[in-house]
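Residue numbers for the sequence shown follow the numbering used here, so the first one is 2 and each next one is one higher. In what follows, a structure is listed as structure tokens, so that the remarks can point back to it.
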Amino acid sequence: MSLANRMALASPHITAICVEANEFPQLSNQFRVRGVPHTVINRRAAFVGALPEPDFVTAVLEGAGVLVEEPHDAPSGPTTEISA
2 MSLANRMALA
12 SPHITAICVE
22 ANEFPQLSNQ
32 FRVRGVPHTV
42 INRRAAFVGA
52 LPEPDFVTAV
62 LEGAGVLVEE
72 PHDAPSGPTT
82 EISA
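This is the structure:
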């Protein structure tokens, strides 16, 4: 199951739709899909490629317009604090 689907299961504020790009060429053209995975957020932002989970969540939140801040005393590693 994709991370987008897991996020949608975890929150009623998130909806995930997975589309097979080869089976829906008009939709692929509309969103200018040139590589997969191609993630589109609210039809306004997008990114291509598989990202580690913390980076994926950050990219989705930023694409949705949610402020994402790094903690001031950040420990080493991929931990991100999210403020909304």
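Each residue gets a CB set at the ideal place from its N, CA and C atoms; glycine is no exception. None of these values were measured; they are calculated from a predicted model.
Cβ pair T40, A60 closer than 9 Å: yes
Straight-line Cα distance separating N23 from S29: 8 Å
Terminal residues of the beta strand (DSSP E) in which F48 lies: 46 to 49
CB-CB length for I15 against M8, believed under 8 Å: 5 Å
Residue of V69, L52, V67, E70 minimising C-alpha distance to L4: L52
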